[in-house]
Amino acid sequence: MPTYDYQCKKCGEVFEAMHRLDQPAPPCPHCGEPRPQRLISPVAFKTTGDPTATRVEAEIKKRLGQGRSRDALTLAEKASRIAGNRKGMGKIKAARDKLRGHLGKDT
Ligand SMILES: [Zn+2]
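Below you can see the structure in the form of structure tokens.
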């Protein structure tokens, strides 16, 4: 089943939901808004199939989008340690390595 990223129009919450394409979007888990907006994500971030890995990737991407590279690296490091053997974590490790190279290894 595919996962989709949504953003709530009301409270701004970004969340991920797994459902079939012909099923309606779930309500916002934060405020209950029934019609969140689907976010179109790059294909590269939608191929892992592991919800945890996908969520972590989305969070890393969000932090990067906000210019918080060091926070993104911290998250990638933590995720790699905790869930290093999970399916789909390869890309997070790759992102971590890239960020390490970018920010320096002493972080
Ligand atoms: Zn909401």
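Per my numbering, the very first residue in the sequence shown carries number 7; after that it's consecutive. We put the beta carbon where it would ideally sit given N, CA and C, even for glycine.
Check	Outcome
Note down, in chain order, each residue of its chain lying with its Cβ closer than 7 Å to the Cβ of MET7, except the 5 sequence neighbours on either side.	MET24, HIS25 and ARG26
For ARG102, which residues from the same chain have a beta carbon less than 7 Å from its beta carbon, with the 5 sequence-adjacent residues on both sides left out?	LEU79, ALA82, GLU83 and SER86
Here's the rule: buried if 16 or more other CB atoms are within 10 angstroms of the residue's CB, otherwise exposed. What is LYS97?	buried
Can GLU22 be considered in contact with ligand 1, in the sense that its beta carbon sits closer than 7 Å to one or more heavy atoms?	no
If contacts are defined as beta-carbon pairs under 8 Å, then ASP11 and GLU22 qualify, I think. What distance do you get, rounded to the angstrom?	5 Å
Quick one: using the 10 Å Cβ neighbour count with 16 as the cut-off for buried, is CYS17 buried or exposed?	exposed
Determine the direct distance from the alpha carbon of ARG69 to that of ALA100, and round the result to whole angstroms.	16 Å
Would you say HIS108 touches ligand 1, meaning its beta carbon is less than 7 Å from a heavy atom?	no
Is the CB-CB distance between ALA64 and MET95 below 8 Å?	no
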